[in-house]
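Residue numbers (this note's numbering): 25 to 278.
For glycine and all other residues, C-beta sits at the position ideal for the given N, C-alpha and C.
Here is the structure we will look at.
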Ligand code: 1GP
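Written out as structure tokens, the structure is:
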């Protein structure tokens with residue numbers, strides 16, 4: 025099964041999918057195997073791998089380690105052209121639609137395309153939309169994108185419609201890693217109702233209640249990264265997964 029079909033299947037069976045973002049720049053290689061095993065035993069549906077800024081040359085090595093232990097798909101969520109590898113199952117072929125830098129809308133993609141084709145890597149075309157989140161995050165800064173105002177869900181919905189009309193397969197509503205505030209539920213709802221393609225929501229999600237609220241608002245996939253990079257939080261992965269899987273009975277959401 026292709027990775028995108030797998031994601032659609034997860035959404036169909038579980039109501040929404042739980043994606044864990046692994047940032048190779050922040051995680052020590054020797055810990056990755058245990059993180060991956062624990063995460064998938066806890067109900068994580070797929071791994072996203074990427075970073076808005078790599079300060080160490082560890083992308084390939086980390087990806088190899090993650091892939092070695094992963095039973096669920098490993099999907100590159102590229103922060104730059106340096107994050108392309110044939111070791112992954114798929115790559116989010118993302119366009120920062122509201123960027124002021126044309127290379128991030130379509131430009132880097134031209135350089136990436138022949139390499140992706142050479143690796144026979146599955147591409148999942150995705151609109152990446154930055155949403156105002158209470159602080160300037162790395163994602164906002166690096167993507168040279170005006171964030172969509174929080175109280176203007178109709179702007180996000182219009183971007184999502186345009187993405188769908190372009191033939192994109194996913195829309196990512198991004199508050200930015202470590203955001204003060206996650207994407208508003210009202211915006212998620214408006215976007216999810218405006219398009220037929222799945223909506224991914226991430227950035228600043230730090231508790232299962234918020235994850236569930238956003239899944240119930242219409243997010244097809246919830247992404248967390250930062251929260252699980254902190255010591256002790258990994259024992260809460262199962263709680264998050266249960267909260268996101270809105271079609272499954274939830275017994276212990278605290
Ligand atoms: C970042 O949306 C993801 O691209 C995850 O954000 O690290 O805040 O969970 P957090």
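Proximity of residue i and residue j at Cβ, strictly below 9 Å
i           : j           : result
residue 104 : residue 77  : yes
residue 159 : residue 200 : yes
residue 75  : residue 97  : no
residue 197 : residue 155 : yes
residue 238 : residue 191 : no
residue 268 : residue 41  : yes
residue 256 : residue 44  : no
residue 100 : residue 73  : yes
Candidates the options, of which the one nearest residue i by Cα
i           : options            : result
residue 262 : 152, 237, 250, 231 : 231
residue 128 : 146, 113, 150      : 150
residue 143 : 192, 130, 107      : 107
residue 90  : 102, 80, 183, 63   : 63
residue 133 : 182, 147, 156      : 147
residue 225 : 111, 124, 260, 180 : 180
residue 219 : 71, 178, 258       : 178
residue 253 : 140, 56, 266       : 56
residue 243 : 25, 28, 161, 35    : 35
residue 185 : 165, 131, 222      : 222
residue 157 : 126, 86, 172, 88   : 172
residue 279 : 229, 168, 193, 211 : The question about residue 279 has no answer here: the residues shown for the chain are numbered 25 through 278.
residue 50  : 82, 203, 228       : 82
residue 93  : 193, 29, 58, 204   : 58
Contact with chain D by residue i, beta-carbon distance below 9 Å
i          : result
residue 42 : The chain inventory of the structure shown lacks chain D, comprising one protein chain alone.
Residue i, enclosing beta strand (DSSP E) - first and last residue
i           : result
residue 170 : No beta strand (DSSP E) holds residue 170; DSSP gives it neither H nor E.
residue 156 : No beta strand (DSSP E) contains residue 156, which DSSP labels as neither H nor E.
Bridge partners - residue i, DSSP secondary structure assignment
i           : result
residue 42  : 246
residue 226 : 198, 247
residue 71  : 44, 98
residue 20  : It is not possible to answer for residue 20, since the shown part of the chain is limited to 25 through 278.
residue 162 : Note: residue 162 sits in no beta bridge, so no partner.
residue 123 : 169
Boundaries (first-last residue) of the alpha helix (DSSP H) holding residue i
i           : result
residue 185 : 177 to 190
residue 210 : 209 to 218
residue 131 : From DSSP, residue 131 is part of no alpha helix (DSSP H); its letter is neither H nor E.
residue 58  : 53 to 65
*Would you mind listing the beta strand (DSSP E) stretches within the segment 242 to 273 that are 3+ residues and don't spill past its ends, in chain order?*
Taken in chain order, the unbroken stretches of beta strand (DSSP E) that lie wholly in the segment 242 to 273 and span 3 residues or more are 245 to 248.
_Complete alpha helix (DSSP H) runs within the segment 77 to 121 (minimum length 4 residues, chain order)_ = Listed in chain order, they are 83 to 93.
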